[in-house]
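Encoded as structure tokens, the structure appears first; notes follow it.
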Amino acid sequence: MPQQDNYGQDVSYPVLSDPPNIETAFDGVVNGLVNRSAMRFADANERAATLTGTTAPKAGMVTYLVAENRLELRMGDGTWQTLTPGPWVPLTFASGYEARSGSPAYRIVNRGVELRGTIQRAGGVPFVKDAGFQILTLPTEARPPAYRTFIAATEWAAAMYARIEAAPDGGITVIIPASAATGASWVSLDNMRYSLV
């Protein structure tokens with residue numbers, strides 16, 4: 001009868017008294033170890049198609065997704081948690097807005113999102129003050145579960161800060177406070193970090 005490993009990980013191995021059957025002997029070893037290693041899949045879709053039925057994901061499994069360039073851990077609640085920061089993904093701006101500097105992008109880190117870069121109105125025209133304007137819409141995977149609000153840096157002018165709101169539908173809205181001076185012409189996303197749960 002196969003024995004269990006000494007580390008309590010339920011990896012079985014054959015003993016000399018077992019009937020000779022190489023397939024059965026190695027089945028417990030191979031399948032016992034594979035689901036405890038960092039399994040590699042082309043992408044999350046391939047992983048979902050492969051890990052079903054008797055090979056369904058179990059808490060503690062680790063997978064590497066090639067297309068996403070991401071290492072993920074299966075949690076006890078049935079979700080996958082990112083262990084490595086995902087790649088920076090360029091942001092797509094609303095009409096009339098463009099990148100100013102810092103390669104505006106987002107990335108997913110564990111169960112959160114980070115943004116970077118500065119954005120301006122097309123041509124560097126100052127922003128409208130005392131009114132909300134939407135500069136972009138985040139993709140579904142990077143949207144917060146509830147509204148998140150941030151204070152953001154703007155150019156060195158009378159309006160030196162802005163309020164940025166990230167909505168559950170992915171909309172990123174900026175509000176520059178009212179003032180008599182010329183409005184800021186760019187806003188930074190570098191302070192934006194929020195949880196996805």
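The UniProt record's numbering puts the sequence shown at residues 1 to 197.
We put the CB at the ideal spot given by N, CA and C, even for glycine.
- Residue environment: Phe26 is assigned as exposed (fewer than 16 neighbouring CB atoms within 10 Å of its CB, all protein chains considered).
- Here the C-alpha atom of Val197 lies approximately 11 Å from the C-alpha atom of Thr79.
- Spatial neighbours of Ser188 in its own chain (CB-CB distance under 6 Å, excluding positions within 5 residues in sequence) are listed in chain order as Thr118, Ala152 and Ala153.
- Counting only runs of 3 or more residues that sit fully inside the region 55 to 110, the beta strand (DSSP E) segments are 62 to 65, 70 to 74, 80 to 82 and 97 to 109, in chain order.
- Cα atoms of Pro144 and Pro177: separation of roughly 24 Å, rounded to the nearest angstrom.
- In the three-state reduction of the DSSP assignment, Glu165 falls in the strand class, which pools E and B.
- Contact between the region 53 to 68 and the region 89 to 106 is absent, with fewer than three C-beta pairs closer than 8 Å.
- Val11 and Val29 do touch by the CB rule: their CB atoms are close to 7 Å apart, below 8 Å.
- For Leu33, same chain residues with a beta-carbon under 8 Å away, outside a window of 5 residues either side, are Val11 in chain order.
- Secondary structure of Ala44 (DSSP, three-state): helix.
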